[in-house]
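There are 2 protein chains.
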Amino acid sequence: MKRNSRLSLALHTLSHMAGDPNQMRTSADIADHAGTNPVVVRRVLGKLRKAGLLTSVKGHAGGWRLARAPEAITLADVYLALDESLVATAADDPAPSCSVEHALHRRVTGVMRDIEQTLIERLAETTLSDMQGH
Amino acid sequence: MKRNSRLSLALHTLSHMAGDPNQMRTSADIADHAGTNPVVVRRVLGKLRKAGLLTSVKGHAGGWRLARAPEAITLADVYLALDESLVATAADDPAPSCSVEHALHRRVTGVMRDIEQTLIERLAETTLSDMQGH
DNA sequence: GACGAATGCAACCTCTATTGTTACGTATCA
DNA sequence: TGATACGTAACAATAGAGGTTGCATTCGTC
Chain A
59 MKRNSRLSLA
69 LHTLSHMAGD
79 PNQMRTSADI
89 ADHAGTNPVV
99 VRRVLGKLRK
109 AGLLTSVKGH
119 AGGWRLARAP
129 EAITLADVYL
139 ALDESLVATA
149 ADDPAPSCSV
159 EHALHRRVTG
169 VMRDIEQTLI
179 ERLAETTLSD
189 MQGH
Chain B
59 MKRNSRLSLA
69 LHTLSHMAGD
79 PNQMRTSADI
89 ADHAGTNPVV
99 VRRVLGKLRK
109 AGLLTSVKGH
119 AGGWRLARAP
129 EAITLADVYL
139 ALDESLVATA
149 ADDPAPSCSV
159 EHALHRRVTG
169 VMRDIEQTLI
179 ERLAETTLSD
189 MQGH
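Chains A and B supply the protein sequences, listed in that same order. If you read the first sequence in the numbering used here, its first letter stands for residue 59, the second for the next number, and so on. If you read the second sequence in the numbering used here, its first letter stands for residue 59, the second for the next number, and so on.
See the structure below:
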């Protein structure tokens with residue numbers, strides 16, 4: 059795995075879980091299927107848990123499970139949970155001194171923010187159960 | 059600069075050029091405005107040139123200029139010229155052995171490809187001249 | 001209560017991608 | 001001929017992500 063592996067891992071895992079929502083899965087099992095490491099899995103799934111998409115149970119017979127029905131989880135939920143803004147630059151550049159450049163800068167960041175927002179709206183139209191369909 | 063700096067630099071430069079398409083700009087000037095380095099600028103703008111969005115002139119009084127009218131350059135052109143697929147995993151994972159996992163894998167990559175395609179379509183709706191309007 | 005299994009989390013290493021920088025070749029125009 | 005600017009290669013420095021180990025904590029079972 060290399061690029062966008064977090065999003066890929068999240069989608070794989072969630073899609074897999076959506077096929078049998080009641081089954082509890084351990085990070086070790088998931089890591090085996092994904093060809094990675096339990097700690098890496100817990101790292102990514104921890105973000106999904108914080109976003110309320112998954113629940114985790116500690117201790118013996120513990121593991122991970124969907125927190126909601128697959129119909130109630132959209133790809134936008136997943137994308138936002140991972141908190142990786144693909145398009146938008148997160149206010150990294152210091153505001154330029156020149157006022158003309160400043161206006162230009164605001165215009166560019168505004169456009170990129172719009173694009174990101176549109177992408178999120180499109181993602182919100184697809185749920186995990188939509189992905190299940192053959 | 060850190061994340062998506064290439065796309066950001068490209069959009070800044072192109073948007074700036076769209077405001078006065080006939081003026082020739084040197085990589086040094088652009089680098090000054092963008093707060094970076096002439097070589098970095100030439101690197102990024104070289105991709106835009108290969109994609110036919112810019113023309114460059116060597117030698118004395120040389121520099122960079124738009125190759126087409128601002129109305130004829132969309133953000134999708136820019137994105138594709140930079141050749142950085144933000145969403146799609148470029149067939150990096152080896153196909154899983156288990157057939158069930160294989161089907162799941164194809165489903166997930168298909169969804170990610172759709173997402174990328176959606177993003178590109180959205181980008182194609184905005185031109186450089188659209189960005190000029192405040 | 002003790003033991004095993006699982007998450008939660010921190011620290012670290014390694015690898016890769018990107019940026020920044022220097023240097024040099026080449027082309028163009030005065 | 002000389003100044004200017006692109007084109008490109010090579011290298012250092014940095015940042016980010018994945019991988020790994022270790023350990024504390026929690027929960028079920030014996």
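Glycine included, every Cβ here is placed at the ideal spot set by N, Cα and C. What you are looking at is a predicted structure, and each value in this text was computed from that prediction instead of being measured.
Exercise. Compute the beta-carbon to beta-carbon distance between L181/B and Y137/B, rounded to the nearest angstrom, for a pair I have assumed lies under 8 Å.
Key: The C-beta distance from L181/B to Y137/B rounds to 5 Å, short enough to meet the 8 Å contact threshold.
Quiz item: Looking at C-beta atoms only, is the number of pairs between the stretch 152-172 of chain B and the stretch 107-122 of chain B that lie closer than 8 Å three or more?
Solution: Contact fails: fewer than three Cβ-Cβ distances are below 8 Å.
Quiz prompt | Residue burial classification, N62/A (beta-carbon count within 10 angstroms, cutoff 16) | solution = N62/A should be labelled buried.
Quiz item: Is DSSP giving G121/B helix, strand or coil here?
Solution: Collapsing the DSSP output to three states places G121/B in a strand.
Quiz item: Taking only beta-carbon atoms, is L106/B less than 9 Å away from chain A?
Solution: For L106/B, the nearest beta carbon of chain A is not closer than 9 Å to its own beta carbon.
Quiz item: Would A139/B pass as a contact of A68/B if the rule is Cβ separation under 9 Å?
Solution: With respect to the 9 Å criterion, A139/B and A68/B are classified as neighbours on the basis of their beta carbons.
Quiz item: R171/A CB to nearest chain B CB: under 9 Å?
Solution: Cβ-Cβ to chain B under 9 Å: no for R171/A.
Self-check item: Run of the alpha helix (DSSP H) containing T176/B, from where it starts to where it stops
Solution: Annotation for T176/B: the continuous alpha helix (DSSP H) segment containing it runs S157 to L181.
Quiz prompt | Assigned secondary structure, R83/B (DSSP; H/G/I helix, E/B strand, else coil) | solution = Correct three-state label for R83/B: strand.
Self-check item: chain B residues whose Cβ lies nearer than 7 Å to that of M189/A
Solution: Below the 7 Å Cβ cutoff, chain B contributes R165 and V169 as neighbours of M189/A, in chain order.
Practice problem: Please compile the residues from chain B whose C-beta is within a distance smaller than 7 Å of the C-beta of R64/A. | Solution: Under the 7 Å cutoff, chain B gives no residues; its nearest Cβ is about 11 Å from R64/A.
Quiz item: Which of the three DSSP states, helix, strand or coil, is assigned to T71/B?
Solution: Looking at T71/B - three-state DSSP - the assignment turns out to be helix.
Quiz prompt | Neighbourhood of L144/A by C-beta, 8 Å cutoff - its chain only, sequence neighbours within 5 removed | solution = Sequence-distant Cβ neighbours of L144/A in its own chain, meaning closer than 8 Å and more than five residues away, are E174 and L177.
Self-check item: Rounded separation between V97/A and E142/A - CA only
Solution: When the Cα atoms are used, V97/A and E142/A turn out to be separated by approximately 19 Å.
Quiz prompt | Reference R100/A; option with closest CA among A127/A, R126/A, H74/A and A89/A | solution = Out of A127/A, R126/A, H74/A and A89/A, the CA that lies nearest to the CA of R100/A is found in A89/A.
Quiz prompt | Length of the line joining the Cα atoms of V169/A and H91/B | solution = In this structure, the alpha-carbon of V169/A lies about 19 Å from that of H91/B.
Quiz item: Any chance the CB of E179/B is under 8 Å from a heavy atom of the ligand ADP?
Solution: The ligand ADP is not part of the structure shown, which contains no ligands of any sort.
Self-check item: Top-ranked residue by Cα proximity to R107/A, from M189/A, A125/A, E179/A and D172/A
Solution: If we check each option's Cα against that of R107/A, A125/A comes out closest.
Quiz item: Going along chain B, which residues have a C-beta under 7 Å from V98/A?
Solution: Residues of chain B passing the Cβ test: none, with the nearest at roughly 14 Å.
Self-check item: S143/A in three-state terms, based on DSSP
Solution: S143/A falls in the coil class under three-state DSSP.
Exercise. Can you pull the chain A residues whose beta carbon is under 9 Å from the beta carbon of T184/B, in chain order?
Key: In chain order: V169, D172 and I173.
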